[in-house]
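Numbering (the numbering used here), first residue to last: 11 to 533. Worksheet for the structure shown next.
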Ligand SMILES: Nc1ncnc2c1ncn2[C@@H]1O[C@H](COP(=O)(O)OP(=O)(O)OP(=O)(O)O)[C@@H](O)[C@H]1O
């Protein structure tokens, strides 16, 4: 290369590398090389061999650069010629319109009468595409021009491949974003329907949701099974600043212990047999969104340690990974268990409990907000009728609502929803009687049902119930045992008896109890 050629190569390459948008780079380069070569227009083309089509992906004139996708199908002769001329890397064409390969392309670009140069762009023996340079009308390319253009072969090839990959990435990103929006909407449709009772039985709960939603603080949802903890988690996410991000749910009780780490934290390719490619865990998927940890009380001890680290450090370690990955998540946890009691009995890490329980919300059972039943019944009748594609939407019979209100709904809203669904299946008519609920009301008084209605084994244990009650009273009394305003007076037992019980049940003395997270709604 002569000194002039080196200078030309350097300056032209700088312009080619100036932008990932190939049309801009092409335009800048054309403006420069026009000082040396009579170039009217430059274009990039990609040949789709399976379809016999030349696609022009970018063009630049002295005025501007333009990204495009102009497809020019080749006739049989043109397709044969592409194969034949494979080893010729630069071709000079006196009249573009006359050549079976350039002819159809030049026609689409209004350049049939021009002469031009066509140069294959090859990297590591892979044919990437073609650069065509159209000559200024009335001028001709000479061997010196061709030599200069050929100097730029590699920079053009690298620019083309980078740009095409970049475009593909952008396309995939848009597709993913679109899929994500669609899936989030679907999820919202399936799970996060409107919160019925938000102005009545759940008024206080919704007030707390409104207060905590815009913050990034963790939220702990407490309540019996089927009370709507997931519905509330969804409402928090949807009213938060993260609403356009993902809401990722993890049912901690449903993932086998052996899979817990890889499900939560993901893994690197080759981390274990069968890890064929990198997989992001659910925590990482919740990046810039909300992670909903349902049944948090069931999280195995080892996973608790790792989750605590995530909450403290805001980063995760993929299984088999070498470097931690930063995550920006908001955590909502939910449980029907007495997490506080579990932490005391060392069945759940106390530090994790305190971390998650910054803002507890207790969702009351349906029996404590029976005023919501008519609206819920109406909501489920409408929802289920739609799902079942019923032509008409039935209504409850006159006395049916009384029957529903008399029952105490141990399975909460889920049980009510199932009852409505069953009733719709059994009654093809326009009136729903809910007769089976009367039978349930009666049998609810039998011992068997009393047993069934207890939510967990812990709550049936006398010690656990006693421990919970003593703790609540101590909370109310600021940890004081004795005296006028002490817990022993409230419990109507002797202070030494209370102390003995506290010792036996492992309840700490003093104000320590006051720090505990109350399981009632705080405002
Ligand atoms: N306030 C509400 N408005 C409308 N539907 C509700 C409401 N609360 C609960 N549901 C419905 O009741 C069913 C149970 O609710 P959800 O799954 O949120 O309860 P949960 O407390 O998370 O239960 P679990 O403890 O078993 O996970 C769902 O189908 C949900 O859509």
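For every residue, glycine included, the Cβ atom is placed at its ideal position computed from N, Cα and C. Here the structure is a predicted model, which means the values were calculated and not measured.
Asked, Found
"Look at the alpha carbon of residue 121 and the alpha carbon of residue 144, and state the distance between them as a whole number of angstroms.", "8 Å"
"If I follow the unbroken beta strand (DSSP E) through residue 345, where does it start and stop?", "339-345"
"Measuring only from the beta carbon, is residue 300 closer than 7 Å to any heavy atom that is part of ligand 1?", "no"
"If you run the structure through DSSP and keep just helix, strand and coil, what is residue 504?", "coil"
"Any heavy atom of ligand 2 closer than 7 Å to the Cβ of residue 357?", "Ligands present in the displayed structure are limited to ligand 1, and ligand 2 is not among them."
"Beta carbon of residue 344: closer than 7 Å to some heavy atom of ligand 1?", "yes"
"State the Cα-Cα distance for the pair residue 382 and residue 207, rounded to the nearest angstrom.", "5 Å"
"Excluding five sequence neighbours on each side, which residues of the same chain lie with their C-beta closer than 7 Å to the C-beta of residue 487?", "495, 496, 497 and 500"
"Can you tell me where the alpha helix (DSSP H) with residue 428 in it begins and where it stops?", "422-436"
"Could you tell me if residue 218 is buried or exposed, where buried requires 16 or more neighbouring beta carbons within 10 angstroms of its beta carbon?", "buried"
"Would DSSP call residue 19 helix, strand or coil?", "helix"
"Name the residue from 317, 387, 392 and 158 whose alpha carbon lies nearest to the alpha carbon of residue 42.", "158"
"Below 8 Å, how does it come out for the region 433-448 and the region 384-403: are there three or more Cβ pairs, yes or no?", "yes"
"Between the region 306-318 and the region 256-273, do at least 3 Cβ pairs fall closer than 8 Å?", "yes"
"Nearest to residue 297 by CA position, among 321, 334 and 256, is which residue?", "256"
"Confirm the yes/no value for this check: CB of residue 371, any heavy atom of ligand 1, distance under 7 Å.", "no"
"When we look at the beta-carbon of residue 227 and count the other beta-carbons within 10 Å, is it buried (16 or more) or exposed?", "exposed"
"Ends of the alpha helix (DSSP H) at residue 53?", "Per DSSP, residue 53 belongs to no alpha helix (DSSP H); it is in the beta strand (DSSP E), 49-58."
"Determine which residues share a DSSP beta bridge with residue 230 and list them.", "343 and 370"
"What's the C-alpha gap between residue 359 and residue 34?", "58 Å"
"Helix, strand or coil, according to DSSP, for residue 101 in the structure here?", "strand"
"At a threshold of 7 Å, does residue 217 count as lining ligand 1 (C-beta to nearest heavy atom)?", "no"
"Once you ignore the five residues that flank residue 176 on each side, which residues in its own chain have a CB closer than 6 Å to its CB?", "30"
"Provide the residue(s) that pair with residue 81 in DSSP beta bridges, ordered along the chain.", "65"
"Which value, in whole angstroms, describes the spacing of the CA atoms of residue 529 and residue 280?", "Note that residue 529 scores 37 on pLDDT, short of 50, meaning its location in the model is unreliable and no value can be drawn from it."
"At the level of alpha carbons, what is the spacing between residue 212 and residue 223?", "16 Å"
"Going by DSSP, what residue range makes up the beta strand (DSSP E) through residue 129?", "126-133"
"Just to confirm, is the Cβ distance from residue 142 to residue 128 under 8 Å?", "yes"
"Where does residue 394 land, buried or exposed, given buried means 16+ other C-beta within 10 angstroms?", "buried"
"Give, in chain order, every unbroken run of the alpha helix (DSSP H) that is at least 4 residues long and sits entirely within the region 306-361.", "311-323 and 349-354"
"Are the beta-carbon atoms belonging to residue 155 and residue 26 less than 8 Å from one another?", "no"
"At the level of alpha carbons, what is the spacing between residue 293 and residue 196?", "21 Å"
"Taking DSSP's pairing of strands, which residues face residue 70 in a bridge?", "52 and 75"
"Is it buried or exposed, residue 32, if we count other Cβ atoms within 10 angstroms and call 16 or more buried?", "buried"
"Rounded to the nearest angstrom, how far is the Cβ of residue 3 from that of residue 342, given a contact under 8 Å?", "For the chain, the structure presents residues 11 to 533; residue 3 sits outside this window and is missing."
"By how many angstroms is the C-alpha of residue 71 removed from the C-alpha of residue 51?", "5 Å"
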